[in-house]
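A short worksheet on the structure shown next.
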Amino acid sequence: MGVLAAERIKITSTRSPWWSAAVIIALGLGLAAIMGWVANQAIANPEDSEGFPGLTPATAATGVTGFGVLVLMIMAALVVTSEYRFGTIRTTFQAMPHRGTVIAAKAALIGAFGAILTTALTFGSIEVAKLVANSDAQKPLALSGEEAWRGVYGVPIYAFLCVVLAVAVGALVKQSAAAISLVVLWPLLIESLFGLFGSFGREVQAFLPFANAQHFMSGDTGIEFHWGPWGSLIYFTAFVAVFFAAAIVVVNKRDA
Numbered sequence: 001m002g003v004l005a006a007e008r009i010k011i012t013s014t015r016s017p018w019w020s021a022a023v024i025i026a027l028g029l030g031l032a033a034i035m036g037w038v039a040n041q042a043i044a045n046p047e048d049s050e051g052f053p054g055l056t057p058a059t060a061a062t063g064v065t066g067f068g069v070l071v072l073m074i075m076a077a078l079v080v081t082s083e084y085r086f087g088t089i090r091t092t093f094q095a096m097p098h099r100g101t102v103i104a105a106k107a108a109l110i111g112a113f114g115a116i117l118t119t120a121l122t123f124g125s126i127e128v129a130k131l132v133a134n135s136d137a138q139k140p141l142a143l144s145g146e147e148a149w150r151g152v153y154g155v156p157i158y159a160f161l162c163v164v165l166a167v168a169v170g171a172l173v174k175q176s177a178a179a180i181s182l183v184v185l186w187p188l189l190i191e192s193l194f195g196l197f198g199s200f201g202r203e204v205q206a207f208l209p210f211a212n213a214q215h216f217m218s219g220d221t222g223i224e225f226h227w228g229p230w231g232s233l234i235y236f237t238a239f240v241a242v243f244f245a246a247a248i249v250v251v252n253k254r255d256a
């Protein structure tokens, strides 16, 4: 509890969490409004709306899952790398020799913050999309059925796991630029590149971590997976756990 309290004070005494929260809120609600407007246009001009999946709860929360979680990951990585950059990690490890506890406390605090924030924003995004969309466009936003609800409660689960992964990346690489580049390029660019390699790339995509996370939340990603949405969640969770365990091992073995 003492480690959690110390990490909470360190995190909340800086401005970055508050600025990050403001950016996540703006992106989440702003893109929800845009999705509502796009849904209206799709209803009015269906011939020009190819590729638009419809205004589902998952679509309304695109700003949260697509960009908000990305900001959370950057913040989580910086919480670790900034301590290495300024040398304060040595003092932290002197006060708490169990280094794994320190890393776990950082992941737990930021992960809980991210889960709570994204939960509120997911419901908020749905309401904002309803306000903008007309009566016909907002019909798919009804929270009925397991898939629709999974697109809501899956967001905080995804956010928490992404934060844990980002903390692990920050602990492994120690450098802010390298950590940010990895957590940004990995979901946005690296995994999408496999689609360029034909049938081989499509086979590999079924085993990519973020593709599995998206499969859990939205169900339909255009990729043929070897398991269902819950299997994808287990796969992504196992991937994050392996990465986090590797970070704990490395942090315990190397110099601060």
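Once you know that position 213 of the sequence shown is 213 in the working numbering, the rest is easy, because the numbers rise by one and skip nothing. Ideal Cβ positions, reconstructed from N, Cα and C, are used throughout, including at glycine. Since the model is a prediction, treat every value here as computed from it, not as a measurement.
Let me confirm a value: Ser125 is counted as buried when at least 16 other C-beta atoms fall within 10 Å, else exposed. Which label applies?
Within the sequence shown, numbered from 1, the residue matching residue 125 stands at position 125. So Ser125 counts as buried.
I need the boundaries of the alpha helix (DSSP H) containing Pro156, first residue and last residue.
Start at 1 with the first residue of the sequence shown, and residue 156 comes out as number 156. Looking at the DSSP string, the run of the alpha helix (DSSP H) that includes Pro156 is Glu146 to Val173.
With distances taken from CA atoms, which of Val169, Ala241 and Phe210 is nearest Leu189?
Residue mapping note: residue 189 aligns to position 189 of the sequence shown, counting from 1. Cα-wise, what sits closest to Leu189 is Phe210.
The alpha helix (DSSP H) with Ser20 in it runs from where to where?
Position 20 of the sequence shown, counted from the first residue, corresponds to residue 20. That run of the alpha helix (DSSP H) goes Ser16 to Ala44.
State yes or no: is the C-beta of Gly68 within less than 8 Å of the C-beta of Ile11?
Looking up residue 68 in the sequence shown gives position 68. Looking up residue 11 in the sequence shown gives position 11. Not a contact, by the Cβ cut-off of 8 Å.
Please go through the same chain and pick out, in chain order, the residues whose beta-carbon is closer than 7 Å to the beta-carbon of Leu109, but skip the five residues on each side of it.
Mapped onto the sequence shown, residue 109 falls at position 109. Cβ neighbours of Leu109 beyond the five flanking positions: Leu4, Glu7, Arg8 and Ile11.
For Arg254, which three-state DSSP category applies?
Stepping through the sequence shown from its first residue, residue 254 is reached at position 254. In this structure, Arg254 counts as coil in the three-state DSSP scheme.
Going by beta carbon distance, what residues of the same chain come within less than 7 Å of Ile248, once the five residues before and after it are set aside?
As a first step, residue 248 is located in the sequence shown; it is residue number 248 there, counting from the start. Correct list, in chain order: Gly100 and Ile103.
Can Ala61 and Gly151 be called in contact, C-beta distance under 8 Å?
As a position in the sequence shown, residue 61 is number 61, starting the count at 1. As a position in the sequence shown, residue 151 is number 151, starting the count at 1. Contact: yes.
Out of Leu70, Arg15 and Val128, point me to the one whose CA is closest to Ile180's CA.
Your numbering for residue 180 matches position 180 in the sequence shown. The candidate whose alpha carbon is nearest that of Ile180 is Leu70.
Buried or exposed: which applies to Val183, given that a residue is buried once 16 or more other Cβ atoms fall within 10 Å of its Cβ?
In the sequence shown, residue 183 corresponds to position 183, counting from 1. With 16 or more Cβ atoms within 10 Å of its Cβ, Val183 is classed as buried.
What does the alpha-carbon distance come out to for the pair Thr59 and Val164?
Counting from 1 along the sequence shown, the entry for residue 59 is found at position 59. Counting from 1 along the sequence shown, the entry for residue 164 is found at position 164. In a straight line, the C-alpha of Thr59 is about 24 Å away from that of Val164.
Reducing DSSP to helix, strand and coil, say where Asn134 ends up.
Position 134 of the sequence shown, counting from 1, holds the residue named residue 134. The answer is coil: DSSP assigns Asn134 none of H, G, I, E or B.
The alpha helix (DSSP H) spanning Phe200 covers which residue range?
Walking along the sequence shown from the start, residue 200 turns up at place 200. Phe200 -> alpha helix (DSSP H) spans Gly198 to Gln205.
Nearest by alpha-carbon distance to Asp136: which of Ile116, Phe194 and Trp37 is it?
Here residue 136 is taken as the residue at index 136 of the sequence shown, counted from 1. For the residues Ile116, Phe194 and Trp37, the minimum Cα distance to Asp136 belongs to Trp37.
On the premise that Gly154 lies in contact with Phe216, defined as a C-beta separation below 8 Å, what is that separation, rounded to the nearest angstrom?
Taking the sequence shown and counting its residues from 1, one reaches residue 216 at position 216. Taking the sequence shown and counting its residues from 1, one reaches residue 154 at position 154. Phe216 to Gly154, Cβ: 6 Å. Contact.
Give the range of the alpha helix (DSSP H) segment to which Leu70 is assigned.
Here residue 70 is taken as the residue at index 70 of the sequence shown, counted from 1. First-last of the alpha helix (DSSP H) with Leu70: Val69 to Phe86.
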